[in-house]
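Asks: Mind having a look at this structure? Questions to follow.
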Amino acid sequence: MMIIMNNYLRHFLLLALCFVGRVNMAAAETLEQAWLISSTADRTIEAAQIRVEAAEAELAASQGTRWPTVVARASATQYNETPAFDFSGAGLPGQLPLFDGSSQLVADARITLPIFTFGMISNGVQAAESGVRAQQLRANAHAQDVRLAVATAYVSVLRARSALEVANSRVRSLVSHADDVEDMFAAGAVARNDLLAAQVSLADVQQYQLQAQNGVDISEAAYNKSLGRVLTDTVSLDTELPGLDPRLEPDSLSALTATALENRAELAGLQSAAESIDSQAQSTRARSRPQFAIIGGYTAMENNFLNREDFWSIGLGMQWDIFDSDRSRERANALFLQSTALYRDYQELQSVVEFQVRSTWLRFNESNARIKLTERAIEQADENLRVTRDRYRNGEGTNTEVLNAEGLRTISRSNYDNAQYDAALARYRLARATGLL
């Protein structure tokens, strides 16, 4: 029932978001809105939540083993001959039937309350509790993975559109230059090879423009896919990217690494999974020890030889599997080994997390440094192109110099845009590496 209600809630939120999105088609979608949509539209997130609910149901079942169990039984038996006591061996004549007729009715109800199980029940509950934590942490880690994937798709659209703008700008510039060269060629001021070179360069840039447009289409389709939309839906994005957790601000790599080791859900999830299996092992081992319980019962039995046909009873019961061919012990050993393997995975993951934090931190710093350098290069490239074109118009420069200057301007602009988007992605990846996305 809880799963069905959660599914209805997710579908309602998704429909509401889609309705708002269609009403405000002109409004640019923010990354926060994209994250919210993905949290309700992504089926893998829903699957992770269902696994959490399954673990919670398993916990409820484990907790139920602490409480009494009631078993009721009834039977009706038909005999070919009515059983009877035979007193001839004692020298007494006659027989005494056990019950009237040739059939017998027996009913029995029994209540059993475990009182001491050498940790079988308590360890089973602890295993289920750790299992719930492990699934919750896995769901949290997966949700962060989805958020990073959506952020990557979002930034990829912005990057592709920026590349298209650069291509369009270069086409406009080379069209203007080709027109100038054509006019100068018509006036006999330049050689024909200048005109041919300008036209070839323009055709090459127009090809790049087509590739850039295709890149936009592909990135928009990928973004729509990440949100569970139709691939051809219109994409309108806000170019302003949201801020992140303030704990990402420290310049100290050691501080970020400590934050990651403390916050990464995968680490805590592995630890909880290992604890769950360890508790399962202890519960399994306890099965080979005596299990004590209080047993109460009620029995009703048709008979002719007792003074009554129904009885109440209470007692202390003990069950002990003295020998099971070492099945419990070997099963417990197998679980302990699985737990040990998970602890080894935990230790390895710690080093992986440290590397992820270091590499993303270095890329983030590199991207920010590139932004400062390329920002100055844009101004220099624009000025270089202006001067070079003026010199060419005045007959002081060459066509090759103009084309090279245009190429440098395009490269500097592309480098600046890529540095910006690389820095944005590096920041989100750093947030993911530290468990703060």
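In our numbering, each number is its position in the sequence shown, counted from 1, plus 821.
Note that the Cβ used here is the ideal one computed from N, Cα and C, for glycine as well.
A quick note: this is a predicted structure, and the numbers were derived from the prediction, not measured.
1) With respect to the beta strand (DSSP E) encompassing Thr-933, which residues constitute its N-terminal and C-terminal limits?
2) If you follow the alpha helix (DSSP H) that Val-1223 is in, where does it begin and where does it stop?
3) DSSP three-state call for Asp-1004: helix, strand or coil?
4) Quick test of your reading: Ala-1114 and Gly-1138, contact by CB under 8 angstroms. State the CB separation rounded to the nearest angstrom.
5) Write down every uninterrupted run of the alpha helix (DSSP H) in the stretch 1070-1100 whose length is 4 residues or greater and which is fully enclosed by it, in chain order.
6) Using C-beta distances below 7 angstroms, list every residue in its chain close to Asp-1203, excluding the 5 sequence neighbours before and after it, in chain order.
7) Consult DSSP for Asn-989 and reduce its assignment to one of helix, strand or coil.
8) Identify, in the order they occur along the chain, each residue of the same chain with its Cβ nearer than 8 angstroms to the Cβ of Leu-1065, setting aside the five sequence neighbours on each side.
9) Using the Cα positions of Leu-1048 and Ile-1232, report the straight-line distance between them to the nearest angstrom.
10) Buried or exposed: Phe-1144, going by 16 or more other Cβ atoms within 10 Å of its Cβ?
11) At which residues does the beta strand (DSSP E) containing Arg-1261 begin and terminate?
12) Under the DSSP definition of a beta bridge, which residues are partnered with Met-941?
13) Does the beta-carbon of Arg-1129 have 16 or more other beta-carbons within 10 angstroms, so that it is buried, or is it exposed?
14) Is it true that the CB of Thr-973 sits closer than 8 angstroms to the CB of Leu-1246?
15) So if DSSP puts Gln-1140 in a beta bridge, which residue, or which two residues, is it bridged to?
16) Exposed or buried, which one is Asp-1015 when buried takes at least 16 other CB atoms within 10 Å?
17) Ends of the alpha helix (DSSP H) at Arg-872?
18) Go through its chain and collect everything with a Cβ distance to Arg-1152's Cβ below 6 angstroms, but skip five positions before and after it.
19) Closest by CA to Glu-879, which one among Ala-1198, Ala-1018, Arg-1150, Ser-1097?
20) Give the straight-line distance between the Cα atoms of Asn-1215 and Met-1005, rounded to the nearest whole angstrom.
21) Hey, could you find the ends of the alpha helix (DSSP H) Ser-1022 is sitting in?
22) My understanding is that Leu-1041 touches Val-978, with C-beta atoms under 8 angstroms, so please give their C-beta distance in whole angstroms.
23) Looking only at C-alpha atoms, which of Leu-1062, Ile-871, Tyr-1044, Thr-1060 sits nearest to Asp-1054?
24) Taking C-beta to C-beta, are Arg-982 and Val-1026 nearer than 8 angstroms?
25) Count the other C-beta atoms from every protein chain shown that fall within 10 angstroms of the C-beta of Tyr-900, then say buried if there are 16 or more, exposed otherwise.
26) What is the DSSP secondary structure of Glu-902, reduced to helix, strand or coil?
27) Among the residues of its own chain, which have a CB less than 7 angstroms from the CB of Phe-937, if the five just before and after it don't count?
28) Near Leu-1052, which residues of its chain fall below 7 angstroms by C-beta distance, leaving aside the five closest residues on each side in sequence?
29) Note down, in chain order, each residue of its chain lying with its Cβ closer than 7 angstroms to the Cβ of Gly-1090, except the 5 sequence neighbours on either side.
30) Helix, strand or coil for Trp-888, going by three-state DSSP, please let me know.
31) Counting Cβ pairs closer than 8 angstroms, one from the stretch 1074-1092 and one from the stretch 1116-1124, do we hit at least three?
32) Drop a sphere of 10 angstroms on the beta-carbon of Val-987, count the other beta-carbons inside from all chains shown, and report buried for 16 or more, exposed for fewer.
33) Can you check whether the CB of Ala-964 is closer than 8 angstroms to the CB of Ile-858?
34) By how many angstroms is the C-alpha of Glu-1003 removed from the C-alpha of Leu-1194?
35) Would you tell me roughly how many angstroms separate the C-alpha atoms of Glu-877 and Ala-869, rounded to the nearest one?
36) Look up Asp-1131 in the DSSP assignment and give the residues it is bridged to.
Replies: Let's see:
1) 924-937
2) 1220-1254
3) helix
4) 5 angstroms
5) 1074-1084
6) Arg-1230
7) helix
8) Arg-1248, Tyr-1249, Ala-1252, Leu-1257, Leu-1258
9) 33 angstroms
10) exposed
11) Limits of the chain in this structure are 822 at one end and 1258 at the other, which puts residue 1261 out of reach.
12) In DSSP, Met-941 forms no bridge with anything.
13) exposed
14) yes
15) Gln-1112
16) buried
17) 864-885
18) Thr-1105
19) Ser-1097
20) 11 angstroms
21) 1013-1047
22) One point to set straight first is that residue 1041 is Glu, not Leu, in the sequence displayed. About 6 angstroms separates the two Cβ atoms, so the contact holds.
23) Tyr-1044
24) no
25) exposed
26) coil
27) Phe-1113
28) Ala-1042, Asn-1045, Lys-1046
29) Ala-955, Leu-958, Arg-959, Ala-962
30) coil
31) no
32) buried
33) no
34) 36 angstroms
35) 13 angstroms
36) Ala-1121
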